[in-house]
Amino acid sequence: MTNSHSELKQQTGSERDIDYEKAQHGVRLLLEAVGEDPERHGLTETWQRRVPETFSTLTEGQREASKPTMRTFDAQTDDLVVKTDIPIYSLCEHHLLPFFGTAHVAYRPDGEVVGLSKLTRYVRWQTRQLTMQERLTNDIASGLADELEAPAVLVEVNATHLCEAMRGVETESTTTTRASVGDLTEEEREQFRDAIIREEDL
């Protein structure tokens, strides 16, 4: 175990950690597989510290200990709450390359609302895992419905995938996925779409 790894475990707690020894070994093997020298200047910290720490952060969504606490408050209305343009950064489970973009979420309160910043924190937590965009969109919608006990939730995710832009077709494009939980009225769906359009027009 490296000194930096020991220090990191003291800072974060073992329940939040990945297996650093395996991560270090795996990154070192990968560097060797592509013809690099893991001991050369500039790469020693890459496999010893940088990549393991990065993957520890980017997979926090797989650990319950990292999930934000969704503190709620009494709601004064049952009108739809809409939060648009939440930045997302996640990892494609097929190629371990990032996909990134924005998420738009909406929910109908059932007596209680959550702090708006918690919506952003929850979406960020969900994105930090190896996943697919379709699954991520559903996980955000179903997760928010459970966390908030909301009778209706709408989620839209728009993302660019580097596994397409950097390899394969090598074309940068946007993929849109949507998921909903519960019965939403057409008026609520229109309200959600209008909020997204207004954000895009800014």
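Under this note's numbering, the first residue of the sequence shown is numbered 1, with each subsequent residue one higher. For glycine and all other residues, C-beta sits at the position ideal for the given N, C-alpha and C. Only a predicted model underlies this, so the values are computations on that prediction, with no experimental measurement involved.
Whose C-beta lies closer than 6 Å to the C-beta of residue i among residues of the same chain, with five residues either side of it excluded?
{"i": "residue 188", "result": "80"}
{"i": "residue 97", "result": "162 and 163"}
Using only alpha-carbon positions, find the residue among the options that is nearest to residue i.
{"i": "residue 45", "options": "83, 25, 117 and 58", "result": "25"}
{"i": "residue 166", "options": "99, 28 and 66", "result": "99"}
{"i": "residue 83", "options": "140, 27 and 52", "result": "140"}
{"i": "residue 237", "options": "21, 47, 18 and 20", "result": "Residue 237 lies beyond the residue range present for the chain, which begins at 1 and ends at 202; the question has no answer from this structure."}
{"i": "residue 74", "options": "66, 112 and 65", "result": "112"}
{"i": "residue 49", "options": "153, 78, 101 and 21", "result": "21"}
{"i": "residue 110", "options": "201, 27, 153 and 117", "result": "153"}
{"i": "residue 17", "options": "40, 28, 37 and 60", "result": "60"}
{"i": "residue 129", "options": "54, 155, 146 and 190", "result": "54"}
Note down the Cα distance separating residue i from residue j, rounded to an integer number of angstroms.
{"i": "residue 164", "j": "residue 89", "result": "15 Å"}
{"i": "residue 120", "j": "residue 86", "result": "6 Å"}
{"i": "residue 155", "j": "residue 34", "result": "40 Å"}
{"i": "residue 197", "j": "residue 106", "result": "14 Å"}
{"i": "residue 192", "j": "residue 126", "result": "21 Å"}
{"i": "residue 138", "j": "residue 178", "result": "8 Å"}
Let me know if residue i comes out buried or exposed under the rule of 16 or more other beta-carbons within 10 Å of its beta-carbon.
{"i": "residue 180", "result": "buried"}
{"i": "residue 169", "result": "exposed"}
Can you give me the Cβ contacts of residue i inside the same chain, cut-off strictly under 7 Å, excluding the 5 residues immediately before and after it?
{"i": "residue 28", "result": "38 and 47"}
Keeping to the same chain, check which residues put their C-beta closer than 8 Å to that of residue i; ignore five residues upstream and five downstream.
{"i": "residue 199", "result": "84, 85 and 104"}
* **Residue ranges of each alpha helix (DSSP H) within the region 87-167, 4 or longer** => 116-127, 133-148 and 162-165
* Those runs of the alpha helix (DSSP H) which lie wholly inside the region 34-69 and span at least 4 residues -> 51-58
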